[in-house]
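These notes are about the structure you will find just below.
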Amino acid sequence: MIRIPLYLAVAQWALLAALGVLVVVMFRQLGRLLSGSGRPASLGPAVGSQAGALGYARPGDDTVRRLSPGDGQPALVAFVDPTCPSCEQLVGVLDEAMAAGDLAGLRVLLLISDPPSYLQISDAFRSTRLEVGRPADREGLSSYRVTATPLLVAIDGAGVVRAAGPVTRAAEVRGFARSCLPEVPESTMAVIPAASARGRQPDESQKARRET
Amino acid sequence: MALMVLGAKAGLAVLLLTAGGAKLADLSGFAATMRLFVPDFATQPVLRAAALGIALGELAVGAASLSSPGLGWVNAAVLAICCGFLAVSAVGYAWHRDRPCRCFGAMSKRTFNAAGLGRSALLAACAGLAEMPVRPSLIQLGVAGRLALLAGAVLVAGAACTAAAAVAAGRDTAPGWA
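Protein chains in written order, with numbering that gives the first Met the number 0: chain A, 0 to 211; chain B, 0 to 177.
So, in structure tokens, the structure goes:
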């Protein structure tokens, strides 16, 4: 008769229990996926949707400030955390873009969920000159669907989301900035009444054209 | 008593395998948690390498403990790891309360709190219990038995990694933004 050591029997049960728990976890995920409730949520608000208002407080300041999309000022809102390496990259890129003047006319807000003291563990967050805030309440936050960080959301002056996604590169950030700024025509054509134009001196280009 | 000692030994080994496998599925997340406990100069590649090292270390010690229960140094290593868990839980509870601990990667939403500290203390107590000597005949395994347990260890680690990846892919809110 074969004798099984007690340890082998105990270890088999332990392995079986662990496998059972893991199989339950996987089947639960599978069930959620098949029923539709577990489908991976899309990151960020839908483009074209109205951005929600947010209350936030700056680190070390209890005053609750408001981000009110639709107040006429386009905004770039970055959901980032000092403990997230890609977020540090995004903060660095935003800082550089701001210094280069690429974000002129935009309000840039970095929102963090980590405690304010965590800003000290990251060079990028410690040295940023951009406005940093922490959501003061959960109201309005759900509309941004922060399923992962970093998340950058571009909001135009009317409060409409123009772009949203996990960007970290300078070119992408510039694209986001352009998407929420009002379009500027490349060349301006002035309409001058014929009567007033007749009395004016010809300019240099007109002279040159006549000479040819 | 022997049953409790062997149960603690096998249970801890399986727990280490599960934790190590789950961490492998989300090394970046675990590296982010590690960042809370290391000096500022630790760069991201270093943190990621350390996270990988910890996950592989848990897997190695778990597999060795499961398949070679008679090795004294493995029991000591398990006890040291569990004491490490307790120390990290205590520091996390004191300085980073309610932040995600990612002890099981994305599979668990547990945070540094009093319950986590209690669980770590329980694990350390179990590791102490597993150090107690038992009759050698109870833990004497043949080659086939060891191989079967190693195969089980690989299966559990793989299942933990897959389950953690599946949970991470289906999560609807990033930790901290719920």
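Each residue gets a CB set at the ideal place from its N, CA and C atoms; glycine is no exception.
- The beta carbon of Ala164/B is closer than 7 angstroms to those of Ala24 in its chain, skipping five residues each way along the sequence.
- Within the stretch 116-180 of chain A, the complete beta strand (DSSP E) runs of at least 3 residues fall at 130-134, 150-154, 160-164.
- For Pro99/B, the secondary structure class from DSSP, reduced to helix, strand or coil, is strand.
- Nearest CB-CB separation between Met0/B and chain A: not below the 8 angstroms threshold.
- Bounds of the beta strand (DSSP E) holding Ala56/A are 53-56.
- Taking a 10 Å sphere around the C-beta of Val9/A, we find 16 or more other C-beta atoms and assign the residue as buried.
- Straight through space, the alpha carbons of Pro84/A and Leu140/B are spaced by roughly 46 angstroms.
- The beta-carbon distance between Val92/A and Ala169/A, rounded to whole angstroms, is 5 angstroms. This is short enough to meet the 8 angstroms contact definition.
- Contacts between Thr110/B and chain A, judged by CB atoms closer than 7 angstroms, are missing: the closest CB pair is about 13 angstroms apart.
- Chain-ordered, the chain B residues with CB closer than 8 angstroms to the CB of Val24/A read Met106, Ala162, Ala165, Val166.
- Within 10 angstroms of the beta-carbon of Ile3/A lie fewer than 16 other beta-carbons, which makes it exposed.
- In terms of CA proximity to Leu16/B, Leu55/B leads the group Cys81/B, Leu116/B, Ala126/B, Leu55/B.
- What Ile138/B touches in chain A, judged by beta-carbon distance under 7 angstroms, is Pro4, Tyr6, going in chain order.
- Sequence-ordered contacts of the stretch 55-71 of chain B with chain A read Leu65, Pro68 [C-beta pairs closer than 8 angstroms].
- Val76/A: member of the beta strand (DSSP E) spanning 74-78, first to last residue.
- About 6 angstroms separates the CB atoms of Ala120/B and Leu85/B; that is less than 8 angstroms, so the two are in contact.
- Secondary structure within the stretch 81-111 of chain A: the alpha helix (DSSP H) runs of 4 or more consecutive residues, fully enclosed, are 84-98 (chain order).
- In the displayed model, Leu42/A falls within coil according to three-state DSSP, outside both helix and strand.
- Per DSSP, the continuous beta strand (DSSP E) segment holding Val63/A begins and ends at 63-66.
- Across the structure, Pro44/A and Met131/B are spaced so that their CA atoms are roughly 57 angstroms apart.
- Under the three-state reduction of DSSP output, Thr42/B falls in the coil class, being neither helix nor strand.
- As a beta-bridge residue in DSSP terms, Gln49/A pairs with Val159/A.
- With 16 or more other Cβ atoms from the protein chains shown falling within 10 Å of its own Cβ, Asp113/A counts as buried.
- Two segments are said to touch when three or more pairs of C-beta atoms, one from each, lie closer than 8 angstroms; by this definition the stretch 81-99 of chain B does not touch the stretch 65-72 of chain B.
- Spanning the alpha carbons of Val23/A and Arg31/A requires a straight line of approximately 12 angstroms.
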